[in-house]
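Before any comments, here is the structure.
Protein chains: 6
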Amino acid sequence: MTDQSPIVRADGRTPADLRPVTIERGWSAHAEGSALISFGGTKVLCTASFTNGVPRWMNGSGKGWVTAEYAMLPRSTNTRNDREAVKGRIGGRTHEISRLIGRSLRAVVDTKALGENTVVIDCDVLQADGGTRTAAITGAYVALADAIEWARGKKFIGQRSVPLIDTVSAVSVGIIDGTPMLDLMYTEDVRAETDMNVVATGRGLFVEVQGTAEGAPFDRRELDGLLDLALAGNAELAEIQRSVLAAAAGAAE
Amino acid sequence: MTDQSPIVRADGRTPADLRPVTIERGWSAHAEGSALISFGGTKVLCTASFTNGVPRWMNGSGKGWVTAEYAMLPRSTNTRNDREAVKGRIGGRTHEISRLIGRSLRAVVDTKALGENTVVIDCDVLQADGGTRTAAITGAYVALADAIEWARGKKFIGQRSVPLIDTVSAVSVGIIDGTPMLDLMYTEDVRAETDMNVVATGRGLFVEVQGTAEGAPFDRRELDGLLDLALAGNAELAEIQRSVLAAAAGAAE
Amino acid sequence: MTDQSPIVRADGRTPADLRPVTIERGWSAHAEGSALISFGGTKVLCTASFTNGVPRWMNGSGKGWVTAEYAMLPRSTNTRNDREAVKGRIGGRTHEISRLIGRSLRAVVDTKALGENTVVIDCDVLQADGGTRTAAITGAYVALADAIEWARGKKFIGQRSVPLIDTVSAVSVGIIDGTPMLDLMYTEDVRAETDMNVVATGRGLFVEVQGTAEGAPFDRRELDGLLDLALAGNAELAEIQRSVLAAAAGAAE
Amino acid sequence: MTDQSPIVRADGRTPADLRPVTIERGWSAHAEGSALISFGGTKVLCTASFTNGVPRWMNGSGKGWVTAEYAMLPRSTNTRNDREAVKGRIGGRTHEISRLIGRSLRAVVDTKALGENTVVIDCDVLQADGGTRTAAITGAYVALADAIEWARGKKFIGQRSVPLIDTVSAVSVGIIDGTPMLDLMYTEDVRAETDMNVVATGRGLFVEVQGTAEGAPFDRRELDGLLDLALAGNAELAEIQRSVLAAAAGAAE
Amino acid sequence: MTDQSPIVRADGRTPADLRPVTIERGWSAHAEGSALISFGGTKVLCTASFTNGVPRWMNGSGKGWVTAEYAMLPRSTNTRNDREAVKGRIGGRTHEISRLIGRSLRAVVDTKALGENTVVIDCDVLQADGGTRTAAITGAYVALADAIEWARGKKFIGQRSVPLIDTVSAVSVGIIDGTPMLDLMYTEDVRAETDMNVVATGRGLFVEVQGTAEGAPFDRRELDGLLDLALAGNAELAEIQRSVLAAAAGAAE
Amino acid sequence: MTDQSPIVRADGRTPADLRPVTIERGWSAHAEGSALISFGGTKVLCTASFTNGVPRWMNGSGKGWVTAEYAMLPRSTNTRNDREAVKGRIGGRTHEISRLIGRSLRAVVDTKALGENTVVIDCDVLQADGGTRTAAITGAYVALADAIEWARGKKFIGQRSVPLIDTVSAVSVGIIDGTPMLDLMYTEDVRAETDMNVVATGRGLFVEVQGTAEGAPFDRRELDGLLDLALAGNAELAEIQRSVLAAAAGAAE
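Chains as they are written, first to last, in my numbering: chain R, 1 to 253; chain F, 1 to 253; chain A, 1 to 253; chain H, 1 to 253; chain Z, 1 to 253; chain P, 1 to 253.
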């Protein structure tokens, strides 16, 4: 591990650099909250749909519900994938990522403060270049925050309720040729020996840590290096989220 | 029917006006051809995926194949719809529109000139405000044209082959309070007594005429008025397609 | 287009002739209304199932509901098709035709006069020789009319209620070798350059107009010729429906 | 058990009587063999589709394959059932009966003599009044026999090959109020304490015996009484099949 | 048929011998009743899940409901079978056996005495060597009996209620080389000319008789021989069930 | 975090104790390798099915393929779950765990040394009490090792090939009331604030690290404590695997 060396990545980044991140708030005219987020060439449209009431099994609990669905457009990738609707079943990877996004958001939601309301977050990948799930989580938070402000405006949530107890973002890290790198793009992702997605809050706490040895198993020192990089990356993303949300609210009406 | 009266629609249009139409060519970094088209608040991402070879049942025919799939993002509409992938089956409306788009494109394709190649067009509605199928057909043509030019550049299609024998576009027309109107937006669509989608070529020939009495059945004179309006609208759309395609090619590489 | 020439079709008809049409009312011992209709070699069994109550989303509306399902027996065609139940999904064509039949019938139903009752029409093609959807609509109307009379007898519908405000029928037209022809049989259907299905009421108003360029796009004059032929054919079918319904009621009890 | 008493059933039959059985051979213009069979109010359309070749797993075996599919039209019964194609899955009862029909036919087929050809039998219940599976088997045999003669005419089967080594038919029997009865109609079927379907060959051998205690378990003597009745009923059915097949061949061409 | 000759089967049994039968009661720590049953190399885990209430269509009937589901682990057999959950549909054989188990159990249940409670029996084949459905029925009875005793202990069933009016078991019989044999193992099953499953009560009454000619149809004398053997085998199984249930209750708590 | 305090868990363990682990090798008479593993009350049957050849997309690669499927019996848990085969779709959790098991095993497989052969591992949970996925991975390794030895005996794998480059096992860890604990049983699992599954090799390298904040997000120090505990637990499991595999081979033949 030699991250002090002058390694330059294919797109000019150093190992510890994020790709350019942009968040277009209020992209959708219909959704209560929405964000078109890009991590370099990865573009994900995140919409938050707010409805009163909760699934039947939560009725009367006094708590709200936040869930998420992730999908990729068929030609968001380099070669076209068949639609899951056409295949008639959702693949394992899609399920796994949808569940991850939902869990990540719920980790910063005070469901009591949300009241018996439901927010469904849809994350649709319009273009993929690695890190679609981490971009989705990061953008989903912004859409969720706007949907909650919308609901406050409609008085569906009390003026002093604070359903969001922290921000949440996510970033990938991986070891390539022995070097830990932040925010892998697709060509890096396929070469990584180890691949890790780290979801963290704005306060720097872990929500999810998912590391997989794609090539060779990894040792404790390598794991520590990846975690350092991921926490730093998430701190940057949290800052971007805060500044985007500090601007005037987007288009949802 | 009083289309000479000074009727002004909710968005300021006269009965014979299209909504503002924009076509962003080459929106996708991956697809061989792509276009993000908007008819007012309706936004559809059209990508064309070009591959060598044809489905097994066409092997050796010397002919190519063009097909299309249409879908709506769950929150492209005013209230969220469940994903068809989650429901595990594609609804009748989705099937019907996918088939319509495919037939419309094939009407202007010389499959012999295309050779044994396949183009799959994906039309994903990012935001819906009426006329999603007509916007999809109009944008799909641009994506298809670019994919064919890409293939010519790659020598998958001969330099003198002309797979596209005409342009094709589509527009909706309908009768509202007795007045035929062009290019209905959602609030107009739900009020229309009669609703018609007309697909036409750049030369002004009909490819598809689909008229439905939503309220009361309609007579021959009303039908004639709608057809006049639709042919004029399609002529405008054909002109927009031509000018967009005359500009420098988009991003696909 | 030379429809004045002495063109004779394979089965001896002139271009403007319907095939022999027979309607066997009350074919089913169980259904509240039923008709076995044949357009030449095309035979469709139409049953109407009347039940009190409406789907949940219509509860309390004071209105009734009419819907339809279309299907083909596996060996109704020249070569056997796999059952959709075995494939586990309904194809696009089946969906499209089921929706067309339902819309066509609803165009002549006063749902207020029907009251909160539901009629489901099943159209099962026992033998196919072109025009299955148009035979289905034409026969479905007869089954529907009988089911409504049955319900009146049972006092589910008021004695003075008139749920059916007109009759409805359908016929196909197409251009073959430049000549517009009425009521295409299978061997004609596959050769037609343009194929159109026209649903019309007994008063001669249009309910649906669906024209598709199978071969070359068609011009306004050709469209007009097809519409003329279709209205004449539907007028004949309306007359047949009226005379069948004027006879003593069929077998449903 | 008092079957010597003058018991008269609702439709005037004695306990040992079949309902009126009619077989309309060659009902279908398309199928290689077909029969519309009725057992009283039960009407089943049986078509036999003959194709050259066998499923992949039988390739090169020198043997043929016979299989069957059973289904009921939605309104063949007293109240409408949802279509299995709409539900997206085939129910257990449908599977069970399809498998039974296939096994019953294969019991009288010499698959070597059939050669590498496949016959698919479709049995679609147009109207149901009890005994649909037994009518289906009995009619399916006739359709199969005609399909084999068709294939012999086409020289797909040798002139001296005898693929059918016997006839096969089926009938239901049941105990009602202590009396064994033959060929139960629907109102009897629901009252039967024990219900048995017996498939037998023209020579009087058993192919399938399926008895179920619907009410109370049954003893050996009762079982013997039912088997006697069933063999007699099948002997009658075999005679009807023979006389129908001895007549001039039906419509398939 | 020469069952008096000294025929010795591959595992040393005479034609009239059962395989070694073991029943491990209370195998599951969670289920209200459970049994791991083996018929030689066939091992089936049967669990009974008792819940208060009945399916909606039985509400208020005062009667209980007993149903069963059967499945095989993918590698319970000699070569691996794809999971039905992965294929997305349950095969005909699975449906058929699940229904058979449910019917067999209900034949000895007094649903009035059970009250409005539901017992679901799951029979999962861990290892298969012929006779899985008969082992499943035999083991399911033991699981059901224990679940009912558990419910009595919980006062969900009255102290004097007798929901089980008899015991029930099942065994296969078949004719191999002309000899009727009891309880076929897999290698015998594939060779049998006729195969029969007989479900009987402890009092020796028939619940189900399902005989199939796998090879040649069979005559009345052969059927009688098989029934004799099956009743004797079931009498032995009933005795084993009684002695197992007479021992101290198993593990469910 | 006070793991030096004399904390005693409900089943008498200290925070750093595994539950009793037993591995019954060769449980299945049919599978090429098998193991019935228990972690306390959690029992998983793991079978390894070895077949020659690989999926089509790997043909000619010279490499083998190892994959896994996980499922739970419906009553393996405290309350019955519907079968996924009955629901017709596999849930997200099942997909996720199946994929995890497959990846974990492949991390210790040299696919070149395996040759073009496939091993499918089925892990069926017979009884669940927390940690089913970690027990499954640990048992699956034993089944895989035996299947590979079986294949070596059959000469499907060369005598000097070493397809397994390390052992692999897995264990859960979690923080309960601030204390990190090893190998959570069900009642602990539902109380854990943080839940982590760690897959590691016999050499102590990480294969997968999956940590989730169920309650509150966790900090770096807590993560470190959990990783320490998990590596120690996996070292114990590796030792158990080695001693089980050192004994005489199991039942597969």
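A virtual CB, placed ideally from N, CA and C, is assigned to each residue, including glycine.
By the neighbour-count criterion, in which 16 or more other beta carbons inside 10 Å mark a residue as buried, R203(H) falls on the exposed side.
Within the region 157-199 of chain H, the runs of alpha helix (DSSP H) at least 4 residues long that lie entirely inside it are, in chain order, 186-189. With contacts defined as CB atoms closer than 9 Å, G131(F) and M185(F) qualify as a contacting pair. Contact annotation for S38(R) against chain F: no contact, minimum CB-CB distance about 11 Å [criterion: below 8 Å]. For the pair V119(A) and I148(A), the CB atoms are nearer than the 9 Å cut-off. Assignment of N81(P) by DSSP, reduced to helix, strand and coil, places it in the coil class. Beta-bridge partners of K43(R) (DSSP): S38(R), Q127(R). Looking at K112(A), T187(A), N52(A), A136(A), the one whose alpha-carbon comes closest to that of C46(A) is A136(A). Taken residue by residue, none of the region 112-139 of chain Z has a beta-carbon sitting less than 8 Å from a beta-carbon on chain H. Its chain contains T194 as the residues whose beta carbon lies nearer than 6 Å to that of F218(H), once the 5 sequence neighbours on both sides are disregarded; these appear in chain order.
Contact with chain Z is absent for M185(H), since none of that chain's Cβ atoms lies less than 9 Å from the residue's Cβ. Between the alpha carbons of I165(A) and G64(F) lies a gap of roughly 49 Å.
In the three-state scheme derived from DSSP, where H, G and I count as helix and E and B as strand, R133(F) is classed as helix. Assigned with DSSP and collapsed to three states, E116(R) falls in coil, not helix or strand.
Judged by DSSP in its simplified three-state form, S243(Z) adopts helix.
Within chain H, no C-beta atom comes nearer than 9 Å to that of V162(Z); the closest sits roughly 16 Å away. In the three-state DSSP reduction, W65(Z) falls in the strand class (E or B). At a C-beta separation below 8 Å, L73(F) has these neighbours in chain R: L45, T47, D122, D124.
Here I23(F) really is in contact with A35(F); their C-beta atoms are around 5 Å apart, less than 8 Å. DSSP, reduced to helix, strand and coil, places N234(F) within a helical segment of the structure shown. Out of S98(H), P163(H), A48(H), the CA that lies nearest to the CA of M72(H) is found in S98(H). For A145(R), no Cβ of chain F is located within less than 9 Å of the residue's own Cβ. In terms of Cβ geometry, M196(Z) and A230(Z) form a close pair [threshold 9 Å].
Cβ-Cβ distances below 6 Å link S38(Z) to T22 in the same chain, with the five nearest sequence neighbours on each side left out; the list follows chain order. Assigned with DSSP and collapsed to three states, R25(H) falls in strand.
A direct Cα-to-Cα measurement between L144(F) and A68(F) gives close to 11 Å. In this structure, I121(R) is the residue among I121(R), G158(R), V125(R), D129(R) with its C-alpha nearest to the C-alpha of A140(R). The Cβ atoms of L223(H) and L227(Z) sit closer than 9 Å to each other.
For I90(A), the closest Cβ of chain F is nearer than 9 Å.
Less than 9 Å separates the beta-carbon of E208(P) from that of T212(R). Between G62(P) and V142(P), the C-beta gap is not smaller than 9 Å, which leaves the two residues out of contact.
Measuring C-alpha to C-alpha distances from I175(Z) to each of G26(Z), A29(Z), R221(Z) identifies R221(Z) as the nearest. Distance from the CA of V173(H) to the CA of R13(H), rounded to the nearest whole angstrom, comes to 14 Å. Pairing D146(P) with G225(P) gives a Cβ-Cβ distance that is not under 9 Å. Contacts with chain H at 9 Å (Cβ-Cβ) do not include K154(A).
Excluding five sequence positions before and after V199(H), the CB atoms of its chain that fall closer than 7 Å to its own CB belong to S104, I137, V168, A170, V207, E208, given in chain order.
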